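Undergrad: Using our numbering, the first residue of the sequence shown is number 1246, and each one after it goes up by one.
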Amino acid sequence: MPTVLIVDDSDSVRIAVRALFEAEPGFSVVGEAVNGMDAIDKADELVPDLIVLDLSMPIMNGLEAAETLKLNSPSTPIFILTAHGGPEVDRAARAAGVDAVFSKAGEDMDKMIATARATFSGKKSKQRTAKQK
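1. Look at the alpha carbon of E1267 and the alpha carbon of V1274, and state the distance between them as a whole number of angstroms.
2. Check whether the segment 1274 to 1289 touches the segment 1355 to 1368, taking contact to mean three or more Cβ pairs, one atom from each stretch, closer than 8 Å.
3. Spell out the partners DSSP gives G1276 in its beta bridges.
4. Checking the sheet assignment: what are the DSSP bridge partners for I1296?
5. Which partner residues of F1239 appear in the DSSP bridge assignment?
6. Under 8 Å between the Cβ atoms of L1300 and T1327?
7. To the nearest angstrom, report how far apart F1347 and G1307 are at their CA atoms.
8. Buried or exposed: where does N1280 fall if 16 or more other Cβ atoms within 10 Å of its Cβ makes it buried?
9. Using the Cα positions of M1354 and L1265, report the straight-line distance between them to the nearest angstrom.
10. Helix or strand or just coil, what does DSSP make of N1306?
Below, the structure is given as C-alpha cells:
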C-alpha cells in the first residue's frame, strides 16, 4: 500500500488532503509536516512513497524542500499543491524535481488522486524495504 506524507502550513489543507487519500482505497497517510524543513525530517523518518508539498510555506517553501527531498530519495514522487499556479510555477517545480503540480481547487484535487493512483498502479510500496535497512 503506497504511503503518503502531506506537507502544508495550513491545518485545514492538511486535513482535507488527508481525508482525500484516506478515502482512496490502497493509500495510507503516514504523516504530516508543516514546512519544508519538517518535511525533510519526516521523509527521512517515515520513508513515504509519495510526498504532497504545499508551494508556499514558512521556513522552507515547497520548491526548496523538493530539491533536497529528490537528492535524498530520487525515486519518490513529489506533488506540489498551490493556490498560485501558472507556467512559471510549473517550470520552477519541474526544475526542482517535482513530478506534478496541482491547484488547491476542488477539480485539481481529484486529478491529484487520479495521478497518484496511476503513479502506483502495479508498484509495490518501498515502506517495508526502507524500514528493514
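All C-beta atoms, glycine included, are put in the ideal place defined by N, C-alpha and C.
Since we're looking at a predicted model, the values are computed, not measured.
TA: Taking the coordinates as given:
1. For E1267 and V1274, the distance between alpha carbons rounds to 7 Å.
2. Touching, no, given that fewer than three Cβ pairs across the two stretches are closer than 8 Å.
3. Its beta-bridge partners are L1250.
4. The partner list for I1296 (beta bridge, DSSP) reads L1250, I1323.
5. Lying before the first or after the last residue shown, residue 1239 is absent from the chain, which here runs from 1246 to 1378.
6. Yes; because the gap between Cβ atoms is below 8 Å, this pair is in contact.
7. Rounded to the nearest whole angstrom, the C-alpha separation of F1347 and G1307 is 13 Å.
8. With 16 or more neighbouring CB atoms inside 10 Å of its own CB, N1280 falls in the buried class.
9. Straight-line measurement puts the Cα of L1265 at about 8 Å from the Cα of M1354.
10. DSSP places N1306 in coil when its eight states are reduced to three.
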